[in-house]
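Numbering-wise, the sequence shown is residues -22 to -1, 1 to 89 according to mature numbering (1 follows the signal peptide of the UniProt record, and there is no 0). Think of the CB as a built atom: it goes at the ideal place given N, C-alpha and C, for glycine as much as any other residue. Working notes, beginning with the structure itself.
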Amino acid sequence: MPMITNTLFFILLALAVFHVFASSTNQQKRSADGEEEVRYCQGRTPCGWALYNKTNRFIYDYMRNRCICEGAKKCHRDQDDISISSYVYRCKLEDTKPGDAQNTPATFPES
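Right under this line is the structure:
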């Protein structure tokens, strides 16, 4: 009898762990009418990253975040994060003169 109890306990434990991991996967949220919910980048949340080669800083890939910039804000380069070898882009209002390469809004390739 104790062997059956232990086996049943471990099966239930395994099912509980599986349920927790299965329910915590990233799922796309949808509104009641089936449309995808729009997520706006809040605060200092990056709207994207430009990954570069450590030695010459040539950009080899772009990654867009799932959130988008709200209203008149555009996704501008904000920071050089050398710890992850990428330029970090954040939502900002355009307050720079035209032609300023650093503050030109990002146009990330469609994925």
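Residues bridged to residue 70 (per DSSP): Residue pairing from DSSP places residue 70 in a beta bridge opposite 52.
Secondary structure of residue 46, DSSP reduced to three states: Three-state DSSP puts residue 46 in a strand.
Span of the beta strand (DSSP E) around residue 25: Secondary structure note for residue 25: its beta strand (DSSP E) is the uninterrupted segment 24 to 30.
Environment of residue 67 [buried if 16+ CB atoms lie within 10 Å]: Buried.
Cβ distance (whole Å) where residue 21 is taken to contact residue 42 below 8 Å: At roughly 18 Å, the Cβ-Cβ gap does not stay under 8 Å, so residue 21 and residue 42 are not in contact.
Buried/exposed call for residue 55, threshold 16 Cβ in 10 Å: Its Cβ being crowded by 16 or more others within 10 Å, residue 55 is buried.
Exposure of residue 50, with buried meaning 16 or more beta-carbon neighbours within 10 Å: With a 10 Å radius around the Cβ and a threshold of 16 neighbouring Cβ atoms, residue 50 comes out exposed.
When 59, 23, 63 are compared against residue 33, the one with the closest alpha-carbon: Closest in alpha carbon position to residue 33, among 59, 23, 63, is 63.
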